[in-house]
Structures are given as structure tokens and as C-alpha cells.
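Note sheet for the following structure.
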Amino acid sequence: MTTPVIVGLRHLIRNGILGKVAAEQWVKGGFKAKMDRKEAIAILGLKDGPTLRNKMKDAHRHVMLANHPDRGGSPYLASKINEAKELLEKTDGKR
Amino acid sequence: MSAPKIIVQIILTGAQIFGRALAAAGRQAIQNAKHSPEAMSSDVGGIRNATSGSMTDKLTREQRMTLDEAHLILNTKRGEAMENIIKHYEHLFKANAPRPASDPPASGPRVGRPPPPPAHSHYLQSKVVRAHERIEAEMRIAQEDTTAKSGAESSSPGQGSS
Numbered sequence: 328m329t330t331p332v333i334v335g336l337r338h339l340i341r342n343g344i345l346g347k348v349a350a351e352q353w354v355k356g357g358f359k360a361k362m363d364r365k366e367a368i369a370i371l372g373l374k375d376g377p378t379l380r381n382k383m384k385d386a387h388r389h390v391m392l393a394n395h396p397d398r399g400g401s402p403y404l405a406s407k408i409n410e411a412k413e414l415l416e417k418t419d420g421k422r
Numbered sequence: 017m018s019a020p021k022i023i024v025q026i027i028l029t030g031a032q033i034f035g036r037a038l039a040a041a042g043r044q045a046i047q048n049a050k051h052s053p054e055a056m057s058s059d060v061g062g063i064r065n066a067t068s069g070s071m072t073d074k075l076t077r078e079q080r081m082t083l084d085e086a087h088l089i090l091n092t093k094r095g096e097a098m099e100n101i102i103k104h105y106e107h108l109f110k111a112n113a114p115r116p117a118s119d120p121p122a123s124g125p126r127v128g129r130p131p132p133p134p135a136h137s138h139y140l141q142s143k144v145v146r147a148h149e150r151i152e153a154e155m156r157i158a159q160e161d162t163t164a165k166s167g168a169e170s171s172s173p174g175q176g177s178s
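Top line first, the protein sequences correspond to chains A and B. According to my numbering, the residues represented by the first sequence are 328 to 422, in order. According to my numbering, the residues represented by the second sequence are 17 to 178, in order.
This is the structure we're talking about:
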């Protein structure tokens with residue numbers, strides 16, 4: 328009965344010491360096969376709300392600068408960022 | 017005399033409408049068929065295909081990320097040295113980390129405007145972390161495999177250098 332508890336404790340300790348950050352802090356899994364609005368907002372680091380449209384351009388610029396392929400960023404991430412921006416522009420344009 | 021004529025006309029128009037709808041549906045179906053393979057191929061996160069019992073597929077299912085996608089995210093290639101991957105990972109991790117509002121003066125050129133904390137994406141950072149985890153897990157498996165194999169081989173004496 329106590330074994331699972333011990334294993335769990337050990338896991339907690341290892342996570343606390345080796346990885347400074349708790350593993351649960353990070354969103355699980357890879358990108359979605361098809362991007363949706365929620366994912367696009369998450370990619371640009373935004374919050375859904377009435378100010379979304381104003382903040383989007385700035386957020387896209389910052390995130391894109393941080394991940395620009397010319398500066399050692401990943402082209403895959405850059406394409407995701409651009410896809411997110413396009414998706415938000417398209418869906419919010421209809422609103 | 018005119019009643020059957022009207023009935024025939026109604027049937028004809030009905031058939032016409034039906035035919036048009038059928039054609040439109042067919043066109044849509046063709047478009048769908050054309051679209052889906054493309055969507056599949058661009059779906060590097062082909063997690064649904066990871067159905068075999070191999071360790072790689074098991075990892076893919078567990079972490080919901082394929083090795084290909086992990087390498088794409090970290091901008092590395094398969095079989096690249098682990099140090100290189102870690103270098104990429106650390107760079108991307110830092111690039112997507114939230115920057116403190118008080119920037120160290122070391123980054124001098126933009127002194128004029130103290131910007132609001134620049135946007136960062138926790139989501140993207142998570143993906144970077146997960147990609148690193150995924151590759152690391154794969155490496156561990158490969159290592160276990162090779163050590164198991166070399167262990168079986170080295171049971172016979174004959175290895176001089178260690």
C-alpha cells in the first residue's frame with residue numbers, strides 16, 4: 328500500500344530538485360493538427376477579450392521577433408505564429 | 017389536358033433542382049477529398065498513426081507529440097548531437113520566456129522607450145519544453161537499446177579501451 332506513496336513522493340522530490348519547474352506548469356502535448364481560435368490566442372500569448380484585436384499586432388510582433396528564424400528561431404514555430412495571426416485576423420474580421 | 021402537363025413540369029423542375037443539388041454535393045465531396053490528404057500531410061502531429069507497439073509510438077502517444085514535430089519545433093535534425101539540440105532548446109526556451117520588466121542595461125540600444133513587458137507566449141514555451149522532453153525520452157530509449165546490446169556483446173572479454 329505504501330509503495331505508490333513512496334514512488335509518488337520520490338517523483339515529487341525529483342521534479343523539485345532536478346527540474347526547477349514543476350512539469351505540470353507546461354501545456355501538454357504538441358500542436359493541434361488543425362489550429363483553432365483558442366490555440367491561436369495561446370500562441371500569441373493573448374487573452375480572449377474585447378482588447379484582443381488591439382493587442383494582437385503588438386503581440387505578434389514581439390513573439391515573432393523572439394522566434395524569428397534569422398535570429399536562431401525555429402521556422403516551424405514562426406509559421407505557427409503567422410498562422411495564428413492570420414487565423415485571428417480572419418475570424419475576428421467576420422465579427 | 018393541362019393537368020398532366022403541369023404535373024410533368026413539376027416533376028421536371030423537381031428533378032432539375034435535385035440534380036443541381038447533387039452536382040453541388042459532388043463538387044463539395046471532391047473538394048473535401050482533395051483537401052484532406054493535404055491536411056494529413058501537413059499534420060506533423062500525426063499522433064493517430066502512432067498505433068504500433070514500438071517504443072517510439074508509445075512515447076508519441078504518451079506525450080502526444082511525434083519525434084518529427086519535436087525536431088521541427090527545436091529546429092534540429094534527427095540524429096543531431098544532443099549538445100546541439102540542448103543548445104537550440106535553451107535558446108528557444110529563453111526566447112519565449114517572460115522577460116522581466118526591468119531589463120538589464122546590458123541590452124543598451126533601446127534606451128529611449130521603456131516598453132511594457134513584451135508579449136511572450138507561455139504556450140510556445142511549453143511546446144519547446146515538451147519537444148525537448150520528447151527528444152530526450154527518445155535518446156534515452158536509444159541509449160538503453162545500445163547499452164543492452166553492447167552489454168550482451170561485452171559479456172565476452174575483448175574490449176581493451178573503456
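Built from N, CA and C at the ideal position, the CB exists for glycine as well. On a predicted model such as this, the values are computed, not experimentally measured, just so you know.
Consult DSSP for residue i and reduce its assignment to one of helix, strand or coil.
i, result
"residue 375 (chain A)", "coil"
"residue 161 (chain B)", "helix"
"residue 380 (chain A)", "helix"
"residue 114 (chain B)", "coil"
"residue 134 (chain B)", "coil"
"residue 96 (chain B)", "coil"
"residue 166 (chain B)", "helix"
"residue 354 (chain A)", "coil"
"residue 394 (chain A)", "coil"
"residue 400 (chain A)", "coil"
"residue 418 (chain A)", "helix"
"residue 124 (chain B)", "Per-residue confidence for residue 124 (chain B) stands at a pLDDT of 47, beneath the threshold of 50, marking its modelled position as unreliable; no derived number is given."
"residue 18 (chain B)", "helix"
"residue 103 (chain B)", "helix"
"residue 62 (chain B)", "coil"
"residue 346 (chain A)", "The pLDDT assigned to residue 346 (chain A) is 47, lower than 50, so where the model puts this residue is not dependable; a value taken from the coordinates is nonetheless given after this. Residue state, collapsed to three classes: coil."
Alpha carbons only, please: which of the options is nearest the one belonging to residue i?
i, options, result
"residue 406 (chain A)", "A:364, A:390, A:385, A:379", "A:390"
"residue 153 (chain B)", "B:136, B:87, B:91, B:110", "B:87"
"residue 356 (chain A)", "B:47, B:46, B:62", "B:62"
"residue 404 (chain A)", "B:23, B:90, B:162", "B:90"
"residue 137 (chain B)", "A:361, A:388, A:360", "A:388"
"residue 161 (chain B)", "B:46, B:29, B:71", "B:71"
"residue 386 (chain A)", "A:377, A:394, A:398, A:372", "A:372"
"residue 79 (chain B)", "B:168, B:143, B:159", "B:143"
"residue 359 (chain A)", "B:44, B:82, B:34, B:20", "B:82"
"residue 140 (chain B)", "B:159, B:110, B:30", "B:110"
"residue 157 (chain B)", "B:74, B:50, B:134", "B:74"
"residue 101 (chain B)", "B:155, B:50, B:48", "B:155"
Tell me which residues share the same chain as residue i and place their Cβ nearer than 8 Å to its Cβ, disregarding the 5 neighbours each side in the sequence.
i, result
"residue 55 (chain B)", "For residue 55 (chain B), the predicted structure reports a pLDDT of 47, less than 50, and the residue's modelled location is therefore unreliable. A value from the coordinates is still provided. Cβ within range, chain order: n/a, list empty."
"residue 114 (chain B)", "133, 136, 138"
Would you kindly report the start and end of the unbroken alpha helix (DSSP H) that includes residue i?
i, result
"residue 364 (chain A)", "364-370"
"residue 71 (chain B)", "71-79"
"residue 179 (chain B)", "The question about residue 179 (chain B) has no answer here: the residues shown for chain B are numbered 17 through 178."
Give every residue of the same chain whose Cβ lies closer than 7 Å to the Cβ of residue i, excluding the five residues on either side of it in the sequence, and list them in chain order.
i, result
"residue 367 (chain A)", "411, 414, 415"
"residue 362 (chain A)", "410, 411, 414"
"residue 22 (chain B)", "none"
"residue 418 (chain A)", "364"
"residue 108 (chain B)", "90, 144"
In chain order, what residues of the same chain lie with their CB nearer than 6 Å to the CB of residue i, ignoring the 5 residues before and after it?
i, result
"residue 66 (chain B)", "73, 76, 77"
"residue 92 (chain B)", "101, 104"
In the stretch 399-420 of chain A, which residues sit with their C-beta less than 8 Å from some C-beta in chain B, listed in chain order? Those residues of the stretch 399-420 of chain A that come within reach of chain B (Cβ to Cβ, closer than 8 Å) are 399, 400, 401, 402, 403, 404, 407, 408.
Residues, ordered as in the chain, of the stretch 71-82 of chain B that lie near chain A by beta-carbon distance below 8 Å: When CB distances to chain A are screened at a threshold of 8 Å, the residues of the stretch 71-82 of chain B falling below it are 79, 80, 81, 82, in chain order.
Give me the subset of the stretch 367-397 of chain A whose CB atoms are less than 7 Å from a CB atom of chain B, sorted by chain position. 369, 370, 371, 372, 385, 386, 389, 390, 393, 394
Positions along the stretch 130-148 of chain B whose CB lies within less than 7 Å of some CB in chain A: 134, 135, 136, 137, 138, 139, 140, 142, 143, 145, 146
For the stretch 87-105 of chain B, which residues have a beta carbon sitting closer than 7 Å to at least one beta carbon of chain A? 88, 89, 90, 91
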